[in-house]
Each structure stands twice: as C-alpha cells, then as structure tokens.
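Just so it is clear: in the sequence shown, position 28 is 27 by numbering that gives the first Met the number 0, and no numbers are missing.
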Amino acid sequence: MSDPRAKLAMLILSIVVLSLLLPCIPTTIFLFVFGDWKNHAWGIELTLKVMWSVWLAVLASWGLTYVTMFGWHFRRPHPSEWPKALVRAWNEGVQPPAMFKSASASFTITVVLVSLFGAAFLASLCLWIIGDWSEGWGPLWLALKFIWGVWWVLAIATVLVRVAIFGAHRRRAREQRRNEGGAAGSGEQPPPEPGGSGPGGTPSPGTT
C-alpha cells in the first residue's frame, strides 16, 4: 500500500502493540520470580492469562486492520502498481480478471472474512481465560475444535460465494461487451450527400 495515511495508521498501531508488549514481559518475569504460587497460584495464573490475552487481542487487531486496509486498497485495480507486462497487456486492450470484480463486493467479502477470524480468535481467548485447563483438556479442546471448525466452514462458504459473485460479474461484463461489439458491427455507412460519391459529399472525379 502506497497511501501515506495507511502507512501512518499501521505505524501508530505498531507502536501501540510494542508499547503493550514492553510492560507485559517484565510483569510476567516479576510474577514468576516473586509471586506466591503456593497460596495464590490461581490468581496469578488468571492475571497472566488476562494480560497476555489482551496483548494477543491487540496484536490480532493490528493484523486484521492491515488485512482490512489492504482489502480496501485492493477493491479497485491500480494500473500504476502493476508489473510492466500487465500494463502492456492493459494498453493493448486486454482486461485482467480483477477488472470484472465489484469494488463493494470485494471489500464486503474482506470484512466478512476478517470478522469471522476475529470472532473465532476472541472466542478462543475467552475460553483460554475462563477455562480450567489444569483439570483436563478434553472438553475445552473439543470446544476449540468446534469454534475453529465452524470458522473454517464459514470461511469456505464465504470464498465460494465470492467466486460465484465474481463469475456472475464476469459473465455480465462479457455479455455487455458482446452486445456493444454487435451494436458497433451492425452500424451502416451513411449515404453520400448529393454532388459527391463519398461520405460527406466529396466530389468524385469528373464532377463539376
């Protein structure tokens, strides 16, 4: 992305992620070294879970924000950023497949995929925080499998819907191009004006 506003936004988000990471590391070390694990093991473990879950949520938000901004930038083709071979083909009249996609549909699919991943990730973090993993991983692991299994099915369904929409837009563009080509090919030459044999009344040889 060459937009300076997008670069500035990602820089600010990167600073926020690093700013939250810096206090998490020494706090974790302090709790492991000086924490009263014999009497307050559950409270210290919960504190670590909440602290690192918040940082992981911010990190995931950083990545999902970047993906969303990329989807917003990619919603329309940008010939100035293409390779030379693709630009040459574009100048010759060859349209790449990206030209058949709808900008609104493309960005909507990106938002749906980002939202699905964000919801599954947050659900996993909440399950990690509130779950009692010391008593056994069986039910909790099954719940995680169910969460990410549902995410996988919905993500595949979203991609298939996007492919179907892309195909419909492509067929519509081809039909429109075919109709325009047929209309241009069926045009008739206008009759010559009196006093000339060519279009526009150009005098023929021998005509006075």
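Ideal Cβ positions, reconstructed from N, Cα and C, are used throughout, including at glycine.
It should be emphasised that the depicted structure is a prediction, and the values quoted were computed from it without experimental measurement.
{"Item": "Inter-residue Cα distance where the pair is Val16 and Asn178", "Value": "54 Å"}
{"Item": "Closest residue to Leu143 among Leu112, Ser103, Leu21 and Phe120 (Cα-Cα distance)", "Value": "Phe120"}
{"Item": "With 16 other Cβ atoms within 10 Å as the buried cut-off, status of Ser208", "Value": "Outside the displayed range of the chain (0 to 207) lies residue 208, so it cannot be described from this structure."}
{"Item": "Euclidean distance between Cα positions of Val160 and Arg171", "Value": "17 Å"}
{"Item": "Nearest neighbour of Ser123, chosen from Phe69, Trp71 and Lys48 [CA to CA]", "Value": "Lys48"}
{"Item": "Beta-carbon contacts of Leu139 that lie in its chain and below 7 Å, excluding the five residues immediately before and after", "Value": "Leu126, Gly130 and Trp132"}
{"Item": "Runs of alpha helix (DSSP H) lying entirely within the region 91 to 166, each at least 4 residues, in chain order", "Value": "102 to 129"}
{"Item": "Cα-Cα separation between Gly117 and Ser60, rounded to whole angstroms", "Value": "8 Å"}
{"Item": "Spatial distance of Arg4 from Gly62 (CA atoms)", "Value": "17 Å"}
{"Item": "8 Å CB neighbourhood of Ser113 in its chain, flanking five on each side removed", "Value": "As written in the sequence, residue 113 is Val, which differs from the Ser given in the question. Hits under 8 Å: Leu63, Val66, Thr67 and Gly70."}
{"Item": "Option nearest Leu58 by Cα separation, candidates Thr157, Ile28 and Leu20", "Value": "Leu20"}
{"Item": "Integer-rounded CB distance, given that Trp41 should sit under 8 Å from Cys23", "Value": "Going by Cβ atoms, the distance from Cys23 to Trp41 rounds to 20 Å, so no, they are not a contact pair."}
{"Item": "When Ile128, Phe29, Lys6 and Phe165 are compared against Val53, the one with the closest alpha-carbon", "Value": "Ile128"}
{"Item": "Three-way DSSP call (helix, strand, coil) for Gly231 in this model", "Value": "With the chain running from 0 to 207 in the structure shown, residue 231 is simply not present."}
{"Item": "DSSP-derived helix/strand/coil call for Thr207", "Value": "Because the pLDDT at Thr207 is just 42, under 50, the model does not fix this residue reliably, and the value given afterwards should be weighed accordingly. Residue state, collapsed to three classes: coil."}
{"Item": "Buried or exposed (CB count within 10 angstroms, at least 16 for buried), Ile108", "Value": "buried"}
{"Item": "Cβ separation of Ala154 and Leu115, assumed to be a contact under 8 Å, to the nearest whole Å", "Value": "6 Å"}
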